[in-house]
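What follows is a single structure, written as structure tokens, with notes after it.
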């Protein structure tokens, strides 16, 4: 795979350079022609005027021809870039690598920094350079995708939409955001409002509902339900308990992670709220309602680094069950969208001054450390992977053990004061990007034709 990718990249690079050179030559010829055209002078002699008009018409025709050729070459360049990215994604899919995307948030008024950011995102959209405060030397990193501070919510979601949509195909998909507190994780995952600032969760649900409706024409019927929980101080908490229509709500206070007969994990007693698949508008209203309920229930507090700091890991779960009337195929997909609590240092967050905040910080950092231990064990091919060391890793075991697909968003703060934490996050992401889980399992089975 590496050799194939290297040959393909080399051939694509050579072709791209040839296209660029041809575009430069054509633009030079075009400039010469435009200069000649501007110097054409009208002569009183009618025959000369006719010749000049003819020459001018020829020049215009050539200019139009060159413009058209330049547009064609630029289109070829764009197609080549798309092909290169598709090949990269195919290789990552075959390897089962955990994909890593990096997003740097823009400066905020509370940052109080006038100087430029130590983070420089390259135009290729896959690499960045950050200035290491300790050594004073620039550090280079390369990932599957790197978003500059100017990247909007819609652009970010476009890059993960195909990944999210694979849940409809019967895959277990996990996308989680990682980074220090105040780096924009919740904004990336949830966003705000109903417009352009919406995050990945509402956009992902909208995408899946839209595609589920489209698949109805192919005799597919989907049932979709949503759950939302948080892991606070190593305890599971159902954020949608108030929406549980069941009479028995006793289990909501004693959530536990269990295994079914096939060895797959599930949270016993967790509320599942049905989402309307037939009417997109109604389905999105239901989502907005449950997101509001979850937001009011989630544990947040103010620290020196973030006035609305998440004090827990939150996991939004979308359960997908589809049945095809013609083939009898049954698919069971799952989409887990995790907003991890931010790693933080006590000297910067000020959490050490409050006993409760201190306990929360210790619990957050411990679970993130356990997540790192899992990735290290996976990267080295260890015989034992410590999934059970924390509720977070135990909950995500199916997605991280080769059964599903995983994508990690690393969120960075652009400030110089956060440079140390940003470097740590990037180094951690670099290790994660090397983990090979193997090809994901597609959860599909076939029943008798016309039978459930």
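Residue numbers (this note's numbering): 115 to 566. In this text, a Cβ means the ideal position worked out from N, Cα and C, and glycines have one as well. Small disclaimer: the values here were computed from a predicted structure and weren't measured.
Per DSSP, residue 507 lies in no beta strand (DSSP E); the unbroken alpha helix (DSSP H) holding it starts and ends at 505 to 509. The residue among 412, 551, 226 and 476 with its C-alpha nearest the C-alpha of residue 490 is 551. With fewer than 16 other Cβ atoms from the protein chains shown falling within 10 Å of its own Cβ, residue 172 counts as exposed. Between residue 435 and residue 444, the alpha-carbon positions lie close to 7 Å from each other. Exposure of residue 498 is indicated by the presence of fewer than 16 other C-beta atoms within 10 angstroms of its C-beta. Going by DSSP, residue 443 is part of the beta strand (DSSP E) stretching over 443 to 453. If you draw a straight line from the Cα of residue 301 to the Cα of residue 441, it is about 41 Å long. Taking the CA atoms as reference points, residue 413 sits about 10 Å from residue 347.
The criterion of a C-beta distance shorter than 8 Å is not satisfied by residue 251 and residue 449. Judged by DSSP secondary structure, residue 427 falls within the beta strand (DSSP E) whose first and last residues are 427 to 438. For residue 479, the three-state secondary structure derived from DSSP is helix.
Look at residue 243 here: in three-state DSSP terms it is strand. Around residue 437, the same chain offers 335 and 444 as residues with beta carbons nearer than 6 Å, after the five sequence neighbours per side are excluded.
The three-state reading of DSSP puts residue 413 in coil, since its state is none of H, G, I, E or B.
Buried is the label assigned to residue 321, since at least 16 other Cβ atoms lie within 10 Å of its Cβ. Pairing residue 142 with residue 175, the inter-Cα distance amounts to about 16 Å. Taking the Cα of residue 431 as reference, the smallest distance to any Cα among 479, 384 and 403 is reached at 384.
Cβ-Cβ distances below 7 Å link residue 527 to 219, 294, 296, 297 and 536 in the same chain, with the five nearest sequence neighbours on each side left out; the list follows chain order. For residue 288, the enclosing beta strand (DSSP E) starts and ends at 286 to 292. Boundaries of the alpha helix (DSSP H) harbouring residue 547: 533 to 547, taken from the DSSP string. Leaving aside the five residues that flank residue 542 on each side, the residues in its chain whose CB is nearer than 7 Å to its CB run, in chain order, 486. Taking the Cβ atoms as the reference, residue 534 lies roughly 6 Å from residue 247, within the contact range of under 8 Å. Using a Cβ-Cβ distance cut-off of 8 Å, the region 305 to 316 and the region 555 to 562 are not in contact, since fewer than three pairs of beta carbons, one from each stretch, lie closer than that value.
Pairing residue 245 with residue 323 gives a Cβ-Cβ distance that is not under 8 Å. The region 275 to 286 makes contact with the region 516 to 526; the number of CB pairs closer than 8 Å reaches 3 or more. Residue 490 sits in a helix when the DSSP states are folded into three classes. The criterion of a C-beta distance shorter than 8 Å is satisfied by residue 454 and residue 482.
Residue state for residue 371 is assigned as strand, using DSSP reduced to three classes.
Here residue 427 is actually not in contact with residue 354; their C-beta atoms are around 16 Å apart, not less than 8 Å. Nearest Cα to residue 357 within the set 540, 343 and 504: 343. According to the DSSP assignment, residue 217 belongs to the beta strand (DSSP E) that extends over 213 to 218. Under DSSP, residue 525 forms a beta bridge with 217.
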